[in-house]
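Protein sequences appear in the order of chains E and D. So for the first sequence, the UniProt record's numbering puts the first residue at 1; every next one is plus one. So for the second sequence, the UniProt record's numbering puts the first residue at 1; every next one is plus one. Everything below concerns the one structure shown next.
2 protein chains.
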Amino acid sequence: MSPIPNPRILFNHIPEGFPEIDKTLIYDTTQTIDIDNVSLDGGFLVKTLDLSIDPYMRGRMRDPAIDSYLPAYPLGQPLNGFGLGVVIRSEHPEVKVGEYVCGFNVDHAHYFVRKDLFLLEKVDNKFNLPTSAFVGVLGMPGQTAFYAWHEYSHAKPGETVFVSAGAGPVGSLVIQLAKAQGLKVIASAGSEEKVAFLKEIGTDVAFNYKTTNTLEVLKKEGGIDVYWDNVGGETLEAALEAAKLNGRFIICGMISGYNSADGVPVRNLWQIFSKSLTLSGFIVNRLEERWGKKFREEIPARIASGEIKYREQIYEGLDKVPHAILDVQRGKNTAKAVVRVSKE
Amino acid sequence: MSPIPNPRILFNHIPEGFPEIDKTLIYDTTQTIDIDNVSLDGGFLVKTLDLSIDPYMRGRMRDPAIDSYLPAYPLGQPLNGFGLGVVIRSEHPEVKVGEYVCGFNVDHAHYFVRKDLFLLEKVDNKFNLPTSAFVGVLGMPGQTAFYAWHEYSHAKPGETVFVSAGAGPVGSLVIQLAKAQGLKVIASAGSEEKVAFLKEIGTDVAFNYKTTNTLEVLKKEGGIDVYWDNVGGETLEAALEAAKLNGRFIICGMISGYNSADGVPVRNLWQIFSKSLTLSGFIVNRLEERWGKKFREEIPARIASGEIKYREQIYEGLDKVPHAILDVQRGKNTAKAVVRVSKE
């Protein structure tokens with residue numbers, strides 16, 4: 001077969017505020033690939049199926065001189081991130097044609113070659129779930145929720161947890177884990193439609209933070225023992241204010257500040273010592289060793305049985321990546337954002 | 001003996017910013033006490049010797065409608081706090097004349113009666129240390145340093161700790177505990193004279209934060225594993241910026257915000273998840289059960305031997321309480337502030 005186009009999403013410009021379509025990120029169709037003959041050098045060729053679009057990606061669109069926990073995207077190169085693909089050629093002894101590979105090393109391109117399984121793992125889809133589930137509820141967001149909830153919540157039945165961005169892929173699994181453990185769950189989201197989903201998955205007190213005052217809700221409900229923070233800023237301030245003694249705060253993300261150069265100020269951190277609070281930040285892959293096995297044993301079965309629910313918003317086609325990224329940064333996506341690059 | 005004056009410090013007015021001498025706090029000499037005949041009702045009469053003046057006291061000078069971890073001072077009543085006195089009369093079976101009582105329930109008055117040992121304990125001064133030591137390095141500040149360091153630092157030899165307000169009674173014990181454990185210690189203070197004391201107690205990198213940029217120092221020294229925060233605000237921001245992966249932050253206090261109604265903003269809390277940091281707040285008496293015994297076994301002996309050094313600034317006379325409180329809030333005291341009310 002002769003070379004075919006290999007469309008890619010290139011990182012083209014470092015944004016100051018929100019990323020801009022066709023400036024920050026470019027859909028490039030100039031490259032071609034000969035999938036029958038491209039050199040594998042002992043590795044394997046992957047056809048990309050599903051890409052996870054996540055809040056953290058904004059942090060990689062930075063000047064590489066700024067150090068952070070994940071490397072900056074190099075200018076002019078394809079984005080990469082969490083995704084899933086199917087192997088279509090292989091010279092690698094452990095990777096066979098037709099197998100799925102999934103993880104943090106998937107290019108935003110139709111095809112890509114890898115020499116090894118660094119940041120990738122083979123997926124055993126024994127419950128025949130949709131492949132997109134492996135980049136969402138079974139992928140990085142689901143692992144984030146599961147690992148950190150078990151590691152840091154120290155949750156006891158009867159306690160109260162507040163989850164911000166509760167309708168997202170991380171928050172919605174946290175809510176369901178907490179409910180299954182007998183907690184009272186308060187959760188916020190940014191639209192009535194998301195609030196309806198919060199109720200559907202068992203949230204006791206679901207509210208739209210754009211129309212309802214977060215602090216008033218938290219106080220009316222008698223305070224919180226655990227806070228799962230996806231948001232930072234004013235929401236974190238309200239949670240600090242409403243925390244009970246010995247509260248545990250799991251600091252998962254702070255999307256309210258990702259697109260502002262100055263960050264979003266939090267003014268009442270004295271609540272930390274005043275109430276003996278613990279705030280725990282974490283990086284999900286550092287918890288893999290402790291919780292990965294339990295996650296893979298439990299969660300796919302609980303999804304297949306319908307006990308755990310999840311939602312996705314599928315963007316069809318690689319060219320939709322910039323739109324999906326912007327929706328996620330602006331909170332406009334209605335569910336876990338997945339770009340379907342190809343069907344199998 | 002006929003009644004004698006019993007001077008007291010009364011809480012007279014809720015301050016908005018810094019407390020004001022003769023307005024917020026008043027030295028009142030109108031009350032008298034007949035120390036031979038005052039009713040003890042089964043309790044005991046204490047002659048106050050030493051009063052600890054601490055940053056947290058500002059938090060009690062508030063509207064009692066505002067809930068917090070320590071009760072508000074009632075208007076028109078004497079201040080109380082951590083202190084030490086000698087028992088001069090007793091009807092209590094466990095408390096004898098001549099014994100010292102020490103703790104969080106000492107009135108800012110020459111004499112006071114207690115029915116029981118609630119928030120007080122008897123002091124065994126077996127090394128014959130100055131009584132003032134029991135309200136400083138052996139009192140609440142020393143316990144704060146010792147208990148929380150052992151509970152939260154997870155310190156390993158070779159790691160680096162940064163201590164803000166390092167010349168204070170809490171910070172200076174933290175520094176000496178960390179040095180004894182083989183850590184590299186960076187510490188800041190607000191005058192050259194305090195910086196000299198930091199060096200005297202073994203600080204590896206001591207600097208004046210008023211003349212030297214904190215973040216530059218922390219970066220130059222290669223970052224920090226542990227941060228002991230007495231300050232909050234910009235100093236906490238610098239520590240977040242300079243933290244290494246898996247850093248531990250012990251949030252002991254945030255004096256930079258105590259006298260501002262709006263609090264001092266911290267803008268880079270995303271470092272918490274970016275670097276997997278843990279921030280632990282605590283209330284010292286909740287750690288008493290775990291660490292109190294070890295503290296009383298170890299620290300008096302280490303002070304008596306001269307291994308652990310401490311400094312005090314003695315204010316002579318109860319009437320100096322308001323001045324001492326203001327000095328502490330403004331950072332003008334040169335060492336642990338103690339008001340000596342009476343000598344034995």
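Even for Gly, the Cβ is constructed at its ideal location relative to N, Cα and C. Remember, it's a predicted structure, so these values are computed and weren't measured experimentally.
(message) Assuming residue 160(D) and residue 183(D) are in contact, meaning their beta carbons sit under 8 Å apart, how far apart are those beta carbons, in whole angstroms?
(response) 7 Å
(request) Check the Cβ-Cβ distances between residue 14(D) and every residue of chain E, and say whether any is below 8 Å. (result) no
(request) Give the C-beta separation of residue 101(E) and residue 46(E) to the nearest angstrom, bearing in mind that I take them to be a contact with Cβ-Cβ under 8 Å. (result) 6 Å
(request) Figure out for me which residue from 229(E), 239(E) and 208(E) has the closest Cα to the Cα of residue 222(E). (result) 239(E)
(message) Does residue 218(D) come out as helix, strand or coil in the three-state DSSP assignment?
(response) helix
(message) Could you compute how far the alpha carbon of residue 153(E) sits from the alpha carbon of residue 4(E)?
(response) 50 Å
(message) What does DSSP give as the partner residue(s) for residue 84(D) in the beta ladder?
(response) 50(D) and 102(D)
(message) Can you look up residue 284(E) in the DSSP assignment and give me helix, strand or coil?
(response) helix
(message) I'd like the span of the beta strand (DSSP E) that includes residue 247(D), first residue to last.
(response) Looking at the DSSP string, the run of the beta strand (DSSP E) that includes residue 247(D) is 243-251.
(message) Cutting at 6 Å between CB atoms, please list the residues of its own chain near residue 186(E), excluding the five before and the five after it.
(response) 162, 205 and 221.
(message) Please tell me whether residue 321(E) and residue 140(E) are closer than 8 Å, where the distance is taken between their beta carbons.
(response) no
(message) Cβ closer than 7 Å: which chain D residues qualify as neighbours of residue 280(E)?
(response) Neighbours of residue 280(E) across chain D, judged by C-beta separation under 7 Å: 278.
(request) Report all residues from its chain with a CB closer than 6 Å to the CB of residue 324(E); omit the five preceding and five following residues, and keep chain order. (result) Excluding sequence neighbours, residue 324(E) sits near 53, 315, 337 and 339.
(message) If I follow the unbroken beta strand (DSSP E) through residue 313(E), where does it start and stop?
(response) 312-316
(message) Tell me the residue span of the beta strand (DSSP E) that contains residue 11(E).
(response) That run of the beta strand (DSSP E) goes 8-11.
(request) Identify the continuous beta strand (DSSP E) that holds residue 188(D) and give its terminal residues. (result) 184-189
(request) To the nearest angstrom, report how far apart residue 70(D) and residue 104(D) are at their CA atoms. (result) 11 Å
(request) Verify the CB distance criterion: does residue 270(D) have a CB-CB separation below 8 Å to chain E? (result) yes
(message) Using the Cβ count rule (16 or more neighbours within 10 Å means buried), how would you classify residue 1(E)?
(response) exposed
(request) Could you tell me whether the Cβ atoms of residue 109(E) and residue 48(E) are closer together than 8 Å? (result) yes
(request) Examine the Cβ distances between the stretch 129-149 of chain D and the stretch 76-95 of chain D and report whether three or more of them are shorter than 8 Å. (result) yes
(message) Using C-beta distances below 7 Å, list every residue in its chain close to residue 57(D), excluding the 5 sequence neighbours before and after it, in chain order.
(response) 81 and 325
(request) Show which residues of chain D have a CB atom less than 8 Å away from the CB atom of residue 273(E). (result) By Cβ distance, chain D contributes 251, 252, 253, 254, 281, 282 and 283.
(request) Round the Cβ separation of residue 126(E) and residue 167(E) to the nearest angstrom and send it over; I've been treating them as touching at under 8 Å. (result) Actually they do not touch by this definition, with Cβ atoms about 28 Å apart.
(message) By the DSSP assignment, the beta strand (DSSP E) with residue 206(D) in it spans what residues?
(response) 205-208
(message) Helix, strand or coil, according to DSSP, for residue 162(E) in the structure here?
(response) strand
(message) Against residue 68(E), what residues of chain D qualify as contacts under a CB-to-CB distance less than 7 Å, listed in chain order?
(response) Residues of chain D passing the Cβ test: 274.
(message) For chain D, check one thing: does any of its Cβ atoms lie closer than 8 Å to the Cβ of residue 267(E)?
(response) It does; some Cβ of chain D falls within 8 Å.
(message) Under 8 Å, Cβ to Cβ, is there at least one residue of chain D near residue 348(E)?
(response) Lying before the first or after the last residue shown, residue 348(E) is absent from chain E, which here runs from 1 to 344.
(request) Could you tell me whether the Cβ of residue 286(D) comes closer than 8 Å to any Cβ of chain E? (result) The beta carbon of residue 286(D) falls within 8 Å of a beta carbon belonging to chain E, placing the residue at that interface.
(request) State the Cα-Cα distance for the pair residue 31(E) and residue 7(E), rounded to the nearest angstrom. (result) 7 Å
(request) Taking residue 263(D) as the query, report the chain E residues whose CB atoms sit under 8 Å from its CB, ordered along the chain. (result) 267, 268, 269 and 270
(message) Using a Cβ distance threshold of 8 Å, determine whether the stretch 91-98 of chain E contacts the stretch 263-276 of chain E, with at least three qualifying pairs required.
(response) no
(message) Do residue 244(D) and residue 229(D) have their beta-carbon atoms positioned less than 8 Å apart in this structure?
(response) no
(request) Spell out the partners DSSP gives residue 5(D) in its beta bridges. (result) 32(D)
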